[in-house]
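Protein chains in written order, with this note's numbering: chain A, 385 to 709; chain B, 385 to 709.
First up is the structure itself, then whatever we jot down about it.
2 protein chains.
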Amino acid sequence: MQETRLDTARIRAARRLIDPMFLDTPLYRCEALEPHLGCALSVKLETANPVRSFKARGTEVVASRLADDGSQAVVCASAGNLGQALAWSGRGRGLDVTVVASRSATRAKLDRIRALGARLELVDGDHEPARQRAAAIARHDGIRLVEDSLDIETCEGAATIGLELVDTVPSFDAVLIALGGGALATGVGHVMKTLAPDVEVICVQPLGAPALTRSWRQRRVVTTGSTDTIADGVAGRYPIPAVLDDLLLVADDAVLVREASIIAGMRMLLDQAGLVVEPSAALGVAAILEDRERFAGRHVATIVCGSNVDMDAYRRWVGSPLHKP
Amino acid sequence: MQETRLDTARIRAARRLIDPMFLDTPLYRCEALEPHLGCALSVKLETANPVRSFKARGTEVVASRLADDGSQAVVCASAGNLGQALAWSGRGRGLDVTVVASRSATRAKLDRIRALGARLELVDGDHEPARQRAAAIARHDGIRLVEDSLDIETCEGAATIGLELVDTVPSFDAVLIALGGGALATGVGHVMKTLAPDVEVICVQPLGAPALTRSWRQRRVVTTGSTDTIADGVAGRYPIPAVLDDLLLVADDAVLVREASIIAGMRMLLDQAGLVVEPSAALGVAAILEDRERFAGRHVATIVCGSNVDMDAYRRWVGSPLHKP
C-alpha cells in the first residue's frame, strides 16, 4: 500500500493520550439480527461513553496535546458529535472550547455541547458555513481550529478503533464504516490495510449526501450543492482533498444507501439488538439490507459510531409496532 | 465483616474463566440524567454483549468448570436471562443445555434461548414451578442443576462486576443493585464491603416482588404467595436462606420501588442516555426517583444489568412523546 497520512506507530501512541473510558469498547456478535441480514454481524459499539459517539477518541488526542503545549482555547465546527466530544475533552483539561454549528443541527447534540460548558455559536445554513465561521474565529482569536478529518489527530483517534478490530479472533471478512468527512474511514481503513489487509473495507454514505463517495469513485473531489439525509453526522458537501487521497488508498469500496434503508437499519438495531443508534450508525446495516447477496454467509463488522438522536425524531423513525413496514 | 460464602481470591480466579467479551464493561457518568435525579450517576453497562445481561459472567464460570470435569449436560430454571446465558456458555463448550421457564416468561428471552440451541421446556405458573421442574430433570438425568444465587459460581460471576467497580477513580458514594435471587447483590456487595467498605450498598426490588427485601428487613426468610411486577428478572417468591445470610452481611439497605418509578426510570434511561433496559435494570434509577433527598449531591453508581425486553411491551412502557407523564 502507498503511504497515507497516517502512521500505525503514531496511532498506537495516540491511544495512550485517550481516556481509557473511550477505549476497548464492546465488540460482539449480534446473532438476533443475523437471520434478518443473511450474514454474521459483529458490532463495535462506540456509544457507551459520556459523549455517546466515537469522536472523543480524536478530541482526547487533540485536547491532550493542546494542554501539553499550554494552549488555553480551541474552536471547531461540528454537526454535533465532534463538538460534544471536544467540549468533554476540553473541559477536563481546562480549555475554553467554542463550537460552531448549524442552527438546524440535532437539538440533543447542541444541548449537550452547552451542558458540557462549551460556548456554542449557531449559524444559518448547513455544515459548510459553520466550518467557515469556525475558521474565522480561529484566525481572529489566534486559537487552534480543529478540522474534523483534515487534522491528523481526528483520524488517529478514530484509527484506534481499527487497532481494537484487528485484535479480534476470529477475524471478520469485511468492515462497514460510516463515511462522512472521512476520519473514521481513513483511520480505521489505514489500520485494516496495514494489519489485516484481507478484510474488505467498505465505506457507506447516504444517497442524500454522496460527495465523498462520488469523489472516491471519480478519483477527484466532487462537491454537491446540498444534502438531504437524516444522517446529520455524515452530511458534508466539500470533501477534503488530502482525505480523499487517503481514502483512495484504504477503501475497497464506497456505497450509497437510501434513507428508508437507514431507518430500517435503526429499527432493526433497536428491535433485535436493543441498541439506540443515530442514523449515521445504521449505515452499515443499511448497506447489508440493500445488497444481501454481496454479504451472504460472510462475517461482517460494523462500527456503531454514535447514538445522539432527538428522541422525538427517533420515535418517529423507529415507530410503534403499528407503524412497522 | 463476618464471612459470606464468597471469597475475593476465588472471585479473582473466576474472572479468568469468563470470556473477556463479558468483562470490563463500560462504566461512565450519564450527566444528561443528573439534572433529573439531583445526583451524579454512573452506569455500569452489562447489556453490550451477546446475551444482553450480566448473567453470562456466572454461566461462563459454571460451564467452564463443567467442561473441565467432562460433564456433557446441564439444566437450569430461568426467567430468561440465566437460561440465555447458560445456553450461550454451554454451546461454546459442547454442553447440552436444558432451560425450564414459565410459559409467561418474556418471549424475547425464550426465543433467544431456543436460537442458542438449548432445549427449552415451558411450565405453567411462575418461576417457582420452573425451579421444581428443573430440579426433577437434574435428578432424573443425573446432570448438574444450576441454581441461580444458591450456586456459588453464579454469585462469583456477578461479583466480578464488583472488582471492576472498586477500580473506579474517583470512587462513588453508593451503589444501587437490582435484587432478585440475590447473586448480583451478594456478589457485588461482598466485593464492595471487602475492598471499598465506605460505599453504601443499596439493594432495590419492586414492591410487587418484595420477598427478599422483606426477608432482609426481618432477618428471616419471608415468602410471598404471588408477584406482581413487570420486572420479570427479579420476581422470585422463595428467598434462599444461605443467600439471605450473605445479604444480611453485605447490604446496607434494601428498598422497594413502585412500578411507575421503574417505568419512569426506563424512560429516562432511554431519553437521556440512549439506553434500552429491561425493567430490572431500571430499579436503581427508580430508587433515586423515589428518594431524591437521600441521594442529593452524592455520586451514585447503578448496574444496568440487562436489556432483554419484548419490544411491544417496551414501546408501551417508554411510550411516545404524547404519552409522557
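All C-beta atoms, glycine included, are put in the ideal place defined by N, C-alpha and C.
I'd like to know whether the C-beta of residue i is nearer than 9 Å to at least one C-beta of chain A.
i	result
B/Thr-544	no
B/Thr-431	yes
B/Thr-686	no
B/Pro-410	yes
B/Val-576	For the sequence presented, residue 576 of chain B should be read as Met rather than Val. Output row for B/Met-576: interface = no.
B/Asp-655	yes
B/Met-652	no
B/Arg-346	Nothing can be reported for residue 346 of chain B, as the shown portion of chain B is limited to 385 through 709.
B/Arg-503	no
B/Met-385	no
B/Arg-333	In this structure chain B extends from 385 to 709, so residue 333 of chain B is not present and cannot be described.
B/Arg-413	yes
Shorter than 9 Å from the beta carbon of residue i to some beta carbon of chain B?
i	result
A/Ser-340	Because chain A is modelled from 385 through 709, residue 340 of chain A falls outside the range shown and cannot be assessed.
A/Ala-644	no
A/Ala-416	yes
A/Leu-659	yes
A/Asn-692	yes
A/Ala-499	yes
A/Arg-436	yes
A/Arg-491	no
A/Arg-400	no
A/Arg-394	no
A/Met-405	yes
A/Arg-601	no
A/Pro-709	In this prediction, A/Pro-709 has a pLDDT of 38, which is less than 50 and means its spatial position is unreliable; what the coordinates show is noted afterwards. No, no contact with chain B.
A/Pro-705	Low local confidence applies: a pLDDT of 44 at A/Pro-705 is under 50, so the model's placement there is unreliable, with the coordinate-based value given in what follows. True, the Cβ-Cβ gap to chain B drops below 9 Å.
How long is the line joining the alpha carbons of residue i and residue j, rounded to whole angstroms?
i	j	result
B/Leu-425	B/Leu-640	20 Å
A/Ser-486	A/Glu-512	9 Å
A/Pro-623	B/Ala-558	49 Å
B/Ala-644	B/Ile-614	10 Å
A/Cys-414	A/Leu-429	11 Å
B/Ala-685	B/Glu-505	37 Å
A/Cys-587	B/Phe-556	41 Å
A/Asp-582	A/Met-576	8 Å
A/Pro-590	B/Lys-439	38 Å
B/Glu-677	B/His-683	13 Å
A/Ala-562	A/Ser-488	21 Å
B/Pro-419	A/Thr-552	39 Å
B/Gly-422	B/Met-652	13 Å
B/Ser-448	B/Leu-479	10 Å
B/Leu-450	A/Val-618	49 Å
A/Gln-516	A/Asp-453	25 Å
B/Leu-534	B/Val-627	6 Å
B/Arg-396	B/Thr-544	7 Å
B/Ala-520	B/Gly-526	10 Å
A/Leu-547	A/Thr-597	24 Å
Near residue i, which residues of its chain fall below 6 Å by C-beta distance, leaving aside the five closest residues on each side in sequence?
i	result
B/Ala-522	Val-459 and Leu-529
B/Thr-538	Gly-442, Asp-532 and Ala-567
B/Asp-630	Thr-388, Arg-389 and Thr-570
A/His-707	Confidence at A/His-707 is low in this model, with a pLDDT of 42, below 50, so the placement of that residue should be treated as unreliable; the coordinate-derived value is given next. So no residue of the chain qualifies.
B/Pro-709	Bear in mind that a pLDDT of 37 at B/Pro-709, under 50, signals an unreliable position, so the model cannot answer this.
A/Thr-392	Thr-578
Just confirm the distance between the C-beta atoms of residue i and residue j, as a whole number of angstroms; I'd bet it's less than 8 Å.
i	j	result
B/Val-585	B/Ala-635	5 Å
A/Met-736	A/Trp-600	Coverage of chain A is limited to positions 385 through 709, which leaves residue 736 of chain A absent and any answer about it impossible.
A/Gly-565	A/Ser-664	The pair is not a contact, with the Cβ atoms about 11 Å apart (cut-off 8 Å).
B/Val-484	B/Leu-470	About 11 Å separates the two Cβ atoms, so there is no contact after all.
B/Leu-659	B/Ile-646	Incorrect: roughly 14 Å between the Cβ atoms, too far for contact.
B/Met-405	A/Asp-655	So it is not a contact: roughly 22 Å between Cβ atoms.
A/Ala-492	A/Asp-616	Not confirmed; about 11 Å, so no contact.
Skipping 5 residues on each side, what residues in its chain have a beta carbon closer than 7 Å to that of residue i?
i	result
A/Gly-509	Ser-486
B/Arg-436	Gly-690, Ser-691 and Asn-692
B/Gly-592	Thr-611, Asp-612, Thr-613 and Glu-643
B/Val-445	Ala-398, Leu-401, Ile-402, Glu-537, Glu-540 and Gly-541
A/Tyr-412	Ser-426 and Val-427
A/Leu-633	Met-385, Gln-386 and Thr-388
B/Leu-500	Gln-468, Ala-471, Trp-472 and Arg-475
Within its chain, find whatever has a CB closer than 8 Å to the CB of residue i; leave out the 5 residues flanking it on each side and keep chain order.
i	result
B/Pro-594	Thr-608 and Leu-640
B/Ala-657	Cys-414, Ala-416, Leu-417 and Val-427
B/Asp-675	Val-639
For residue i and chain D, any beta-carbon pair shorter than 9 Å?
i	result
A/Ser-691	You won't find chain D in this structure, because its protein chains are A and B.
What are the complete alpha helix (DSSP H) segments, minimum 4 residues, inside the region 491-555 of chain A?
-> If one requires a minimum length of 4 residues, the alpha helix (DSSP H) runs lying completely within the region 491-555 of chain A are 491-499, 511-525 and 536-550, in chain order.
Identify every run of the beta strand (DSSP E) within the region 434-468 of chain B, keeping only runs that are complete inside it and at least 3 residues long; order them along the chain.
-> Inside the region 434-468 of chain B, DSSP marks whole beta strand (DSSP E) runs of 3 or more residues at positions 457-461, from first to last along the chain.
In chain order, each beta strand (DSSP E) run of at least 3 residues that lies wholly inside the region 565-623 of chain B = As far as the region 565-623 of chain B is concerned, its whole beta strand (DSSP E) runs of at least 3 residues are 584-590.
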